[in-house]
Amino acid sequence: MKFYNTLTRKVEDFVPEDPSRVRMYVCGPTVYDYAHIGNFRPMVVFDSLNRLLRHKYGQDAVVYARNITDIDDKIINQAIATETTIDVITDRTIAAFHDDLDALNVAAPDHEPRCTEYVEPMVAMIEELIEGGFAYAAEGHALFDIHSYEKYGKLSKRSLDDMRAGARVEVAPYKRDPGDFVLWKPSTDEQPGWPSPWGRGRPGWHIECSAMSKSCLGETFDIHGGGLDLIFPHHENEIAQSCCANGTEVMARHWMHNGYLTVEGEKMSKSLGNFFTVKQLRDEGWGGEVIRFSLLSAHYRQPLDFSRDKMREMKAQLDRWYGFLKESGDPEAGEVDERVIAALSDDLNTPQAIAILHELTDRPADLKASATMLGLLQQDSESWFKGEVSDDENAEIEALIEKRKQAKADKDFATADQVRDQLTSMGIVLEDKSGGVTEWKRG
RNA sequence: GGCCCGAUGGCAGAGUGGUGAUGCAGAGGAUUGCAAAUUCUUGUACGUCGGUUCGAUUCCGGCUCGGGCCUCCA
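Numbering (the numbering used here), first residue to last: 825 to 1267.
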């Protein structure tokens, strides 16, 4: 297997440190509001990688950790803005997040650490950094001294000079260098806080992932993933914290970053307002599988322009595949085609893998098995085509089909067509099969 | 200002130093009461200017255009 490594900007062979325990960490959401689909791209991309790794190294040979950030100023502000508590915000958002992940067929990670449960390790790590001379306390804050780490900027390929030139934010007076970043900051009485050697306060953003990845996976691990926008400063800072605190050369050996989701060519973002939430799309009737497939339709490092047209096309492709599965009686999963594995093993080339799936339509059992690698085609064709259907609804549809069948037998095609139109208006599409059998599906 | 990424046929989207993936849409045929589904056939590509090469969409450089990052956005 080989994957692009942001550290070297090259596609490199992937060799886990311990093949019986392949360790991957992915940055999860900050739970202050519904996540938009851009936030779900890494969830789906790294879920597919998770599936590939397990296929390759064994179902139990992968340890996958994906955090939830439940301490953040955005959460505090959201609680104030909506006049509720932080717990209400985070609980509600996490529940919605998990519900969306289920819809997208994203498997649960082995660890899903929440920041609030790891404050102690964070404090301990900050203390280590200060003791080691990598950080300093000032006015209730603890700050990382970027000059103490000579490799600072290596991941994002920035020099300290570059950063200083670009500093666009007001520099706090207690910082020794504008690039120094917050490890711990003081909380007011109204804000959530934890005791620390620097006073009551809360952790900065980056320290959480350093502490949680260490707790869940160890000081070094194999893959660290996330969105492109995390390269700087988040991942750069994680590396500095972890390597300095742990005295290690590397934090993660392989850094993988997915490209942005765009809308009409522009990055999807909350501030631009050009986003869709998964909930919104599901409410419009788009299946989670269609959304998932759309997110995998481009290579993970490429920008992906998201649109309803794209989902329409993805749905059409899934219809076709499910049609083949249905025709062959929904077979049990067969063999995963090696070419699919080869495609995914080549820097997670999902479009190539999808192209191969299209060649497997004469081998439905293998198609189903191969699609599992992408988390697709896992439902039976009946539920794909019909969805939820009540007994009453089913009886009504069947009665109309029977009526049409009789009309056809009587050569009363006007009535037959009228019944078809009636069903169409109900969102039901008929398919006449050989032998006088008529089947239906939702349009 | 610094840094990073991209530019492929109507659309989406891989890939490759030389025999033009894949899907959708389009056109034509088979099938069909109609329709759907299926199936067969089929067209159109590599931003621009140079360089390297027997040969470049593929490597190198300039340019143009687009996107992104530069302290808390996946």
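Virtual Cβ for every residue (Gly too), placed ideally from N, Cα, C. Note that this is a predicted model, so its numbers are computed, not measured.
Residues in the same chain with beta-carbon distance under 7 Å from LEU925, minus the five sequence neighbours each way, listed in chain order, please. Excluding sequence positions up to five before and after LEU925, its CB lies within less than 7 Å of the CB of MET867, all in the same chain and listed in chain order.
Based on the DSSP output, what are the partners of LEU1128 in its beta bridges? DSSP lists LEU1085 as partners of LEU1128.
Rounding to the nearest angstrom, what Cα-Cα distance links HIS1292 and ILE1063 in this structure? Residue 1292 lies beyond the residue range present for the chain, which begins at 825 and ends at 1267; the question has no answer from this structure.
Have a look at THR830 and PHE1130 and give me their C-alpha separation to the nearest angstrom. About 24 Å.
So if DSSP puts ASN829 in a beta bridge, which residue, or which two residues, is it bridged to? DSSP, once it has assigned bridges, lists LYS834 as partnering ASN829.
Taking the straight line between their C-alpha atoms, what separation do you get for ARG1106 and PHE870? So the alpha carbons of these two residues sit roughly 22 Å apart.
Just verifying my parser: in three-state terms, what is the DSSP assignment at GLY990? With a pLDDT of only 49 at GLY990, under 50, the local geometry of the prediction cannot be trusted, and the value read off the model is given with reservation. Residue state, collapsed to three classes: helix.
Cβ-based burial, LYS975 [other Cβ within 10 Å; buried from 16]: Exposed is the call here.
Here's the rule: buried if 16 or more other CB atoms are within 10 angstroms of the residue's CB, otherwise exposed. What is ILE904? Label assigned to ILE904: exposed.
With 16 other CB atoms within 10 Å as the buried threshold, where does GLY990 fall? Because GLY990 carries a pLDDT of 49, less than 50, the predicted location of this residue cannot be relied on, and the following value inherits that uncertainty. The residue is exposed, with fewer than 16 neighbouring Cβ atoms inside 10 Å.
Got a sec, what are the start and stop residues for the alpha helix (DSSP H) ALA1122 sits in? Looking at the DSSP string, ALA1122 is not in any alpha helix (DSSP H), and its letter there is neither H nor E.
Could you give the uninterrupted runs of the alpha helix (DSSP H) lying entirely in the stretch 998-1066, keeping only those of 4 residues or more? Scanning the stretch 998-1066 for uninterrupted alpha helix (DSSP H) segments of 4 residues or longer gives 1031-1041, listed from N- to C-terminal end.
ASP1190, DSSP secondary structure in three states: In the displayed model, ASP1190 falls within a helix according to three-state DSSP.
So the candidates are ALA1238, ASP1215 and LYS1210; which of them puts its Cα closest to the Cα of GLU1255? With distances taken between CA atoms, GLU1255 lies nearest to LYS1210 out of ALA1238, ASP1215 and LYS1210.
With burial defined as no fewer than 16 other Cβ atoms inside 10 Å of the residue's Cβ, what is the status of GLN1126: buried or exposed? So GLN1126 counts as exposed.
Please return the same chain residues whose Cβ sits closer than 8 Å to the Cβ of ASP837, not counting the five positions on each side in sequence. Within its own chain, the residues whose Cβ lies closer than 8 Å to the Cβ of ASP837, once the five positions on either side in sequence are excluded, are MET825 and LYS826, listed in chain order.
Figure out for me which residue from VAL947, GLU1151, PRO843 and SER1118 has the closest Cα to the Cα of ILE1178. Ranking VAL947, GLU1151, PRO843 and SER1118 by Cα distance to ILE1178 puts SER1118 first.
Contact set for ARG833: own chain, Cβ-Cβ below 6 Å, skip 5 residues either direction: Close CB contacts of ARG833 within its chain, under the 6 Å cut and outside five residues either way in sequence, are absent.
With DSSP collapsed to three states, give me the class of ARG982. Reduced to three states, the DSSP call for ARG982 is coil.
For the stretch 829-879, list the beta strand (DSSP E) runs that are entirely contained and at least 3 residues long, ordered along the chain. Correct list: 834-837 and 846-850.
Which class does MET1080 belong to by DSSP, given the choice of helix, strand or coil? Three-state DSSP puts MET1080 in a strand.
CA-to-CA distance, TRP1208 to TRP1110, given in whole angstroms: TRP1110 and TRP1208: Cα-Cα distance of roughly 12 Å.
Status (buried if at least 16 other CB within 10 Å, exposed otherwise) for ALA1297: Outside the shown range of the chain, which is 825 to 1267, sits residue 1297, and nothing can be said about it.
Which of helix, strand or coil DSSP assigns to PHE1148: Of the three classes helix, strand and coil, the one that applies to PHE1148 here is helix, per DSSP.
What's the C-alpha gap between PHE1148 and LEU1096? Approximately 41 Å, taken between the alpha carbons.
State the beta-bridge partners of ALA959 as determined by DSSP. Beta-bridge pairing links ALA959 to PHE968.
With DSSP run on the structure shown, which of helix, strand or coil describes ILE895? Shown here, ILE895 sits in coil according to DSSP, grouped into three states, outside any helix or strand.
Nonlocal neighbours in the same chain, by C-beta distance under 7 Å from GLU1113, ignoring five residues either side: Scanning its chain for C-beta atoms nearer than 7 Å, with the 5 sequence neighbours on each side dropped, one finds around GLU1113 the residues ASN929, LEU1142 and LEU1200, in chain order.
Out of curiosity, what's the CA-to-CA distance linking ARG1144 and GLY1259? Annotation: ARG1144 to GLY1259 spans about 22 Å, alpha carbon to alpha carbon.
PHE1237 burial status per 10 Å Cβ neighbour count (16 or more: buried): Classification of PHE1237: exposed, given that the 10 Å Cβ count is below 16.
Can you list, in chain order, the residues of its chain with a C-beta nearer than 7 Å to that of ASP894? Leave out the 5 residues immediately preceding and following it. Within the same chain, ASP894 has close Cβ partners VAL855, THR914, ARG938, CYS939 and THR940.
Which residue marks the beginning of the beta strand (DSSP E) containing ARG1228, and which one marks its end? Where ARG1228 is concerned, there is no enclosing beta strand (DSSP E), although the alpha helix (DSSP H) it sits in stretches over 1215-1233.
Are LEU1168 and ALA1069 close, meaning C-beta to C-beta below 8 Å? The answer is no: Cβ separation not under 8 Å.
Around the Cβ of TYR998, are there at least 16 other Cβ atoms within 10 angstroms (buried) or fewer (exposed)? Flag for TYR998 reads exposed.
Below 8 Å between beta carbons: does that hold for ALA1076 and TYR858? Against a cut-off of 8 Å, the Cβ pair of TYR858 and ALA1076 comes out as no contact.
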